[in-house]
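Colleague:
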Amino acid sequence: MKRALITGITGQDASYLAEFLLNKGYKVYGTTRRSSTINNERIEHLQDKITIIQGDLLDQSSLSSALLEAEPDEVYNLAAQSFVQTSWNQPVLTGEFTALGVTRLLEAIRVVNPKIKFYQASSSEMFGKVTETPQKETTRFHPRSPYGVAKVYAHYITVNYRESFGIFACCGILFNHESPRRGIEFVTRKISRGVARISLGKQKKLELGALEPKRDWGFAGDYVEAMWLMLQQPVASDFVVATGENHSVREFLKLAFKTVGIDDWNRYIISNNPSHMRPAEVDYLIGDASRARKILGWRPKTSFKELVEMMVKADLEIEKKEK
Ligand code: NDP
Ligand code: GDP
């Protein structure tokens, strides 16, 4: 039985990846950091099937101990301070978690067992102010936030451990991927939740920032398969994972409101709210995943429309239950 360790097991992607690996017959371990309250909603349904180990990206020995306990064949590093907006308020902490944390984990692998295969969660935010469209593996990075900068460091340290020590390490450069389990601060979930609440009369307005930025939005459940496929290849390398289609925040809003039968959606929106505007914006992302299609045989299964509808319907169910 193959064994996998997923860092950031309480996060969106980890919950889908854990389900995926359990279905493949893996023994799955996940790390959580210590918290005063339990934060396991996304993996509650998997509690009896996975083993939780405490491990913090800030703490070197906790990472080595996690590897010694889990004895994994594969490590998926999904833990990070993952919210772009927060990275301007906590730039140093973002660097500690999202950048240096990866070096700590790679060092633990190098020392404990360099045969472990490693997946690093790289991000389309590394392309930032894009220099080429669509963006592919060879497109130059120009990150626009402390988060994006930290991910560039994490990306290159992973490449460097591959080149320096021969570690089987892959970076998946994933474009935005969403789901009903997405954190409520991200724009897609903020919209699906807000729209559900507005349609039920529980909320009057939805306050947002810029509506024009475009993202290549896919479904997280589809993207975790690409992570696994990367580690099953004969040679380690890096892949863009994306749908190849992009939409503006405005388009997402329009479709979300349409799902609940509201056409005059503008009256519920306050846009350009200063607290949701960013010091430097990423205006336009669209990925070219042809390398993943060719080598991994991966392609997304969920359309933009299906994604928006899935998220709004899931939030309607939640909001109907919560008084
Ligand atoms: P989430 O924010 O949902 O999950 C992040 C996880 O990291 C949580 O479990 C969190 O724990 C954990 N974490 C945060 N800080 C630490 C720390 N110091 N030590 C240990 N664990 C920590 O992210 P997603 O699931 O959406 O994303 C997974 C990865 O993919 C992240 O690295 C993200 O940056 C990257 N990515 C995501 C994209 C997306 O669109 N979703 C796009 C491209 C890359 P806790 O619950 O305690 O906060
Ligand atoms: P990101 O691509 O990782 O930054 O994902 P987000 O979901 O946080 O943001 C996607 C885009 O939506 C960015 O261009 C944001 O500026 C824009 N946006 C507009 N209003 C909001 C808002 O209220 N919250 C968030 N999170 N993003 C917003």
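Reading the sequence shown from the start, the letters are residues 28 to 350 in our numbering. Note that the Cβ used here is the ideal one computed from N, Cα and C, for glycine as well.
(1) Assuming Ala-253 and Trp-325 form a contact by the criterion Cβ under 8 Å, report the distance between their Cβ atoms to the nearest whole angstrom.
(2) Measure the CB-CB distance between Glu-16 and Ser-275 and report whether it falls below 9 Å.
(3) Write down every uninterrupted run of the beta strand (DSSP E) in the region 44-85 whose length is 3 residues or greater and which is fully enclosed by it, in chain order.
(4) I want to check one thing, is the minimum distance from the CB of Phe-145 to the heavy atoms of the ligand NDP below 8 Å?
(5) Could you round the C-beta distance between Ser-62 and Ser-114 to whole angstroms and report it? I think they count as a contact, below 8 Å.
(6) Does the distance from the C-beta atom of Gly-155 to that of Gly-175 stay below 9 Å?
(7) Using a 10 Å radius around the Cβ and a threshold of 16 neighbouring Cβ atoms, would you call Glu-98 buried or exposed?
(8) Take the Cβ of Thr-395 as the centre, count every other Cβ of all protein chains shown within 10 Å, and call the residue buried at 16 or more, exposed below.
(9) Can you tell me which residues form a DSSP beta bridge with Gly-245?
(10) Output the distance between the C-alpha atoms of Asp-342 and Lys-232, rounded to the nearest integer angstrom.
(11) Where do the N-terminal and C-terminal ends of the beta strand (DSSP E) with Asn-293 fall, by residue?
(12) In angstroms with no decimal places, state the Cα-to-Cα distance between Ser-92 and Lys-350.
(13) Report, in whole angstroms, the separation of the C-beta atoms of Met-28 and Pro-207, which I expect to be a contact under 8 Å.
(14) For Ala-31, I'd like the list of residues in its chain whose CB is within less than 6 Å of its CB, leaving aside the five on either flank, ordered along the chain.
(15) Between Ala-237, Leu-256 and Asn-293, which has its C-alpha nearest Asn-299's C-alpha?
(16) Let's test the definition: count the other Cβ atoms within 10 Å of the Cβ of Asn-293 and tell me whether it reaches 16, buried, or not, exposed.
(17) With DSSP run on the structure shown, which of helix, strand or coil describes Gly-221?
(18) When the Cβ atoms of the region 279-292 are set against those of the region 217-224, are three or more pairs found closer than 8 Å?
(19) Going by the C-beta, is Leu-282 closer than 8 Å to any heavy atom of the ligand ZN?
(20) For Val-267 and Arg-318, which I take to be in contact (beta-carbon distance under 8 Å), what is that distance rounded to the nearest angstrom?
(21) Run the proximity test for Gln-39: is its beta-carbon closer than 8 Å to any non-hydrogen atom belonging to the ligand NDP?
Modeller: On the basis of the coordinates in this document:
(1) What you label residue 253 is simply residue 226 of the sequence shown in a count that begins at 1. What you label residue 325 is simply residue 298 of the sequence shown in a count that begins at 1. With a Cβ gap of about 5 Å, Ala-253 and Trp-325 count as contacting.
(2) Here the chain covers residues 28 to 350 and nothing more, so residue 16 does not appear.
(3) 54-59 and 77-81
(4) Along the sequence shown, one-based indexing puts residue 145 at 118. Incorrect: Phe-145 has no Cβ contact closer than 8 Å to the ligand NDP.
(5) As a working mapping, residue 62 is identified with position 35 in the sequence shown. As a working mapping, residue 114 is identified with position 87 in the sequence shown. Not a contact, Cβ separation roughly 20 Å.
(6) For the purposes of this step, residue 155 is identified with residue 128 of the sequence shown, where counting begins at 1. For the purposes of this step, residue 175 is identified with residue 148 of the sequence shown, where counting begins at 1. The answer is yes: Cβ separation under 9 Å.
(7) Locating residue 98 in the sequence shown gives position 71, where the first residue counts as 1. Burial call: exposed.
(8) Outside the displayed range of the chain (28 to 350) lies residue 395, so it cannot be described from this structure.
(9) By one-based count along the sequence shown, residue 245 stands at place 218. Looking at the DSSP assignment, Gly-245 forms a beta bridge with His-204.
(10) One-based indexing of the sequence shown puts residue 342 at position 315. One-based indexing of the sequence shown puts residue 232 at position 205. Each residue's Cα considered, the two are about 16 Å apart.
(11) Indexing the sequence shown from 1 puts residue 293 at position 266. First-last for Asn-293: undefined, no H or E at that position.
(12) Your numbering for residue 92 matches position 65 in the sequence shown. Your numbering for residue 350 matches position 323 in the sequence shown. Between Ser-92 and Lys-350, the C-alpha separation is close to 43 Å.
(13) On the sequence shown, position 1 is the one that residue 28 refers to. On the sequence shown, position 180 is the one that residue 207 refers to. With 8 Å as the limit, Met-28 and Pro-207 do not qualify as a contact, their Cβ atoms being about 30 Å apart.
(14) In the sequence shown, residue 31 corresponds to position 4, counting from 1. Within the same chain, Ala-31 has close Cβ partners Leu-48, Tyr-53, Val-55, Pro-99 and Glu-101.
(15) Mapped onto the sequence shown, residue 299 falls at position 272. Comparing Cα-Cα distances from Asn-299 to each of Ala-237, Leu-256 and Asn-293, the minimum goes to Ala-237.
(16) Against the sequence shown, residue 293 aligns to sequence position 266. Exposed, by the Cβ-count rule.
(17) To locate residue 221, count along the sequence shown from 1; it is residue 194. Helix, per DSSP.
(18) yes
(19) Ligands present in the displayed structure are limited to the ligand NDP and the ligand GDP, and the ligand ZN is not among them.
(20) As a working mapping, residue 267 is identified with position 240 in the sequence shown. As a working mapping, residue 318 is identified with position 291 in the sequence shown. At roughly 7 Å, the Cβ-Cβ gap stays under 8 Å, so Val-267 and Arg-318 are in contact.
(21) Here residue 39 corresponds to residue number 12 of the sequence shown, with the count starting at 1. At least one heavy atom of the ligand NDP is nearer than 8 Å to the Cβ of Gln-39, so yes.
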